[in-house]
Amino acid sequence: MRALAVRPAKLLRLPAAWDDADLLAALPASHEGAFAEIYRRYGLQLLEQASRKTGSREAAEEIVQDIFTALWQRRDQAASIQKLPEYLSTAVKFRVINLIKNRYTHEGYAAYCRTVATEADHHTEDDLDATDLAGALHAGLTHLPQHTREIFQLSRFEHQTVPQIAGRLKLTPKAVEYHITRALKLLRVSLKDFLLLLLLLLGLANS
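No gaps in the numbering here: position 139 of the sequence shown is 139 in UniProt numbering, and each next residue is one more.
Below, the structure is given as structure tokens:
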């Protein structure tokens, strides 16, 4: 078993006293106590979140079980998670999207989402905040080719102009525009399910 990456002072304390970063740092070493503490700390609220969105306790339990199974199976990557509560909450929402898509036809899917929006307008700000979209965008960016991702980030996140990017990377403006357009096309594909549900829940989709 590899040595834990948690701070030495923490090793003398039970996982319940650790912060999220230490719990995540311990997972790659298969620290079952850390995993159990993550479940104890967040399992119930994830179950309640999934229950609200699916209307089914049984489906919610399956979703939460799948999320924690995946977290354990991918524990070698756990240290890369920046904000554990947001990560887990976003995982619930993506699994709910997949559940709805599998349960309904396109028409039924859209009607279901509009119904949920009507019944839960007061939850919209809490349930569909910027963190969710940021998480989805981050996941989409990781699948872009490295050069395309770099140019897109300079354009959208650092607000550099096409000429500025071209000068910085020693490219032609047309090459920069090509990579930005390519990134947008690829992100539309990778985020289409998330954005569709977001638009429907906000009542912005007309069809």
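Backbone N, C-alpha and C fix where the C-beta goes; we use that ideal spot for every residue, glycine too.
Note that this is a predicted model, so its numbers are computed, not measured.
Can you tell me whether residue i is helix, strand or coil according to DSSP?
{"i": "residue 93", "result": "helix"}
{"i": "residue 157", "result": "coil"}
{"i": "residue 145", "result": "coil"}
{"i": "residue 169", "result": "helix"}
{"i": "residue 30", "result": "coil"}
{"i": "residue 100", "result": "helix"}
{"i": "residue 76", "result": "helix"}
{"i": "residue 51", "result": "helix"}
{"i": "residue 82", "result": "coil"}
{"i": "residue 66", "result": "helix"}
{"i": "residue 19", "result": "coil"}
{"i": "residue 14", "result": "coil"}
How many whole angstroms separate the CB atoms of residue i and residue j, which I take to be in contact at a CB cut-off of 8 Å?
{"i": "residue 166", "j": "residue 173", "result": "5 Å"}
{"i": "residue 15", "j": "residue 33", "result": "5 Å"}
{"i": "residue 144", "j": "residue 152", "result": "7 Å"}
At the level of alpha carbons, what is the spacing between residue i and residue j?
{"i": "residue 179", "j": "residue 66", "result": "36 Å"}
{"i": "residue 99", "j": "residue 72", "result": "22 Å"}
{"i": "residue 140", "j": "residue 187", "result": "6 Å"}
{"i": "residue 40", "j": "residue 55", "result": "23 Å"}
{"i": "residue 154", "j": "residue 189", "result": "21 Å"}
{"i": "residue 92", "j": "residue 70", "result": "12 Å"}
{"i": "residue 147", "j": "residue 161", "result": "16 Å"}
{"i": "residue 86", "j": "residue 46", "result": "11 Å"}
{"i": "residue 89", "j": "residue 49", "result": "8 Å"}
{"i": "residue 96", "j": "residue 77", "result": "23 Å"}
{"i": "residue 79", "j": "residue 29", "result": "11 Å"}
{"i": "residue 57", "j": "residue 94", "result": "17 Å"}
{"i": "residue 27", "j": "residue 82", "result": "14 Å"}
Are any of the Cβ atoms in chain D nearer than 9 Å to that of residue i?
{"i": "residue 92", "result": "Reference to chain D is not applicable here, since this structure consists of a single protein chain."}
**Prompt:** Three or more beta-carbon pairs under 8 Å between the region 12-25 and the region 56-64, yes or no?
**Reply:** no
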